[in-house]
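Take a look at the structure below.
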Amino acid sequence: MKKSELAIVVFMLAFCGFFYHETLLLPEKAQHYPLFVISLLAVLSVLQLVKMLIGCHGHFSLVSDADVVWKDFLPRQFVTFFLASILFFVGMYFIGFYLTAVLYMGFMMHYFKIEKKYIVLTTAVLLVLIYGVFSESLNVPLPVGELFYDIL
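Following our numbering, the numbering of the sequence shown begins with 208 at its first residue and continues without gaps.
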């Protein structure tokens, strides 16, 4: 069994446990969707753990695969992604979710050299899906931004 895979499964189960606890603090009507997503993630994580254990064939041993996992790691891409994600959260507070999402997706896909037609198509489809699922179906209020709060 690879150490990296086991670490991911343990992290995901801890992640699910933490958010399960936090979700129980929400009003009962607001718990349904998060509990569904958390349960789905937990079940998939447990299934991955079972698959890994079956793959051991009775010879449980941990194999370090750090050299393979980190072989193609590019620090510049990681730092760019990390900083852009922080700017996304800050921008969401000031200019709202939808405008920030368009800027973030456009920048990240351009940075990773995606063709412009796919950038436009992906951004449009994701915004329509997010609007339809979160704003219309689930009535989740997405941030409108402090700069536009009085206008909207």
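Virtual Cβ for every residue (Gly too), placed ideally from N, Cα, C.
Work out the CA separation of residue j and residue i for me, nearest whole Å.
| i | j | result |
| --- | --- | --- |
| valine 335 | leucine 306 | 13 Å |
| glutamate 212 | tyrosine 356 | 44 Å |
| lysine 209 | histidine 264 | 14 Å |
| leucine 349 | isoleucine 261 | 43 Å |
| glutamate 229 | serine 344 | 23 Å |
| leucine 354 | leucine 220 | 38 Å |
| phenylalanine 226 | phenylalanine 341 | 19 Å |
By the 10 Å Cβ neighbour count, where 16 or more other Cβ atoms means buried, how is residue i classified, buried or exposed?
| i | result |
| --- | --- |
| isoleucine 245 | buried |
| cysteine 223 | buried |
| leucine 270 | It is worth fixing the name first, because residue 270 is valine in this sequence and not leucine. Looking at its Cβ environment, which holds fewer than 16 other Cβ atoms inside 10 Å, valine 270 is exposed. |
Note the first and the last residue of the continuous alpha helix (DSSP H) segment covering residue i.
| i | result |
| --- | --- |
| valine 309 | 304-318 |
| alanine 237 | Counting along the chain, alanine 237 falls outside any alpha helix (DSSP H), and DSSP gives it neither H nor E. |
| glutamate 229 | 210-230 |
| isoleucine 181 | No information on residue 181 is available, as it lies outside the stretch 208 to 359 that the chain covers here. |
Restricting to runs no shorter than 3 residues, where is the beta strand (DSSP E) found entirely within the region 276-301? none
Would you call the region 223-243 and the region 304-318 in contact, with 3 or more CB pairs under 8 Å? no
Evaluate the contact criterion for the region 287-301 versus the region 311-331: three or more CB pairs, one atom per stretch, below 8 Å. yes
Given 8 Å, three or more beta-carbon pairs between the region 244-259 and the region 213-220: yes
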